[in-house]
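Chains as they are written, first to last, in our numbering: chain A, 313 to 418; chain B, 197 to 309.
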């Protein structure tokens, strides 16, 4: 299968701080998705980003295919942002990274 | 909003027993997927399907079979369950193609004793 590496593995922030999550992949891809998973819960797509930069509210995703990387930036973090964020490059099927566990404390 | 349901939500099975996990989607998506999620491994693709009657092997198909009898239903079958198959299983559906986005079910927790 494809190699997908996410960093950091875990991240603890104080409410209001910004977060930068990284995803590196081994080969060129069709598109990139980011998913959010609440502890014990299912996955919800938060971003579909083939390339370039996209913003939705406090979330910004940047994918640079030639550099084999994608990032998810969360600004002004909130307690409700806590959970695991997984990147999933699309190679006709999705390959998932192991995720970054984000904890936002008051 | 996409709707993917899974049953059962929790299952305890004995080693050597047969287990069937069911998935239903009401979005008329062509593609359906079965993943398992284990600590340290993220989600790994077991089987997927492009439509009724089709099943394809994913990255870790050994010990699993799949069945897609209709557009809406996709089952994962463990003929001889083993403790190593204890995991959380997720089903997903999507329209398919290079720009596929996937909608996930709530997951099934399987414990094989």
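From the three backbone atoms N, C-alpha and C, an ideal C-beta is built for every residue, glycine too.
- Burial is judged here by how many other beta carbons sit within 10 angstroms of a residue's own beta carbon; residue 386 of chain A has at least 16 and is buried.
- By a beta-carbon distance limit of 8 Å, residue 233 of chain B contacts residue 284 of chain B. Their separation comes to about 5 Å.
- Contact between the region 334-349 of chain A and the region 367-378 of chain A is established, with three or more Cβ pairs separated by less than 8 Å.
- The region 325-335 of chain A makes contact with the region 382-400 of chain A: 3 or more CB pairs, one atom from each, lie closer than 8 Å.
- If the five residues before and after residue 275 of chain B are omitted, its C-beta is found closer than 7 Å to the C-beta atoms of 214, 261, all from its own chain and listed in chain order.
- Not a single C-beta of chain B is nearer than 8 Å to the C-beta of residue 315 of chain A.
- At least 8 Å separates the beta-carbon of residue 326 of chain A from that of residue 399 of chain A.
- The continuous beta strand (DSSP E) containing residue 261 of chain B extends over residues 261-263.
- Pairing residue 304 of chain B with residue 241 of chain B gives a Cβ-Cβ distance that is not under 8 Å.
- Three or more Cβ pairs closer than 8 Å define a contact, and the region 219-228 of chain B meets that threshold against the region 262-282 of chain B.
- Looking at the DSSP output, residue 403 of chain A sits in no beta bridge, so it has no partner there.
- Along the region 287-308 of chain B, going in chain order, the ones with a CB nearer than 7 Å to a CB of chain A are 294, 295, 296, 297, 298, 300, 301, 302, 303.
- In this chain, the beta strand (DSSP E) harbouring residue 304 of chain B covers 304-308.
- Comparing alpha-carbon positions, the option among A:366, A:352, A:351 lying closest to residue 358 of chain A turns out to be A:366.
- The Cβ of residue 358 of chain A sits no closer than 8 Å to any Cβ of chain B.
- When the beta-carbon positions are compared, residue 259 of chain B and residue 278 of chain B come within less than 8 Å of each other.
- Rounded to whole angstroms, the gap between the alpha carbons of residue 231 of chain B and residue 251 of chain B is 14 Å.
- Between residue 409 of chain A and chain B, the shortest Cβ-Cβ separation is below 8 Å.
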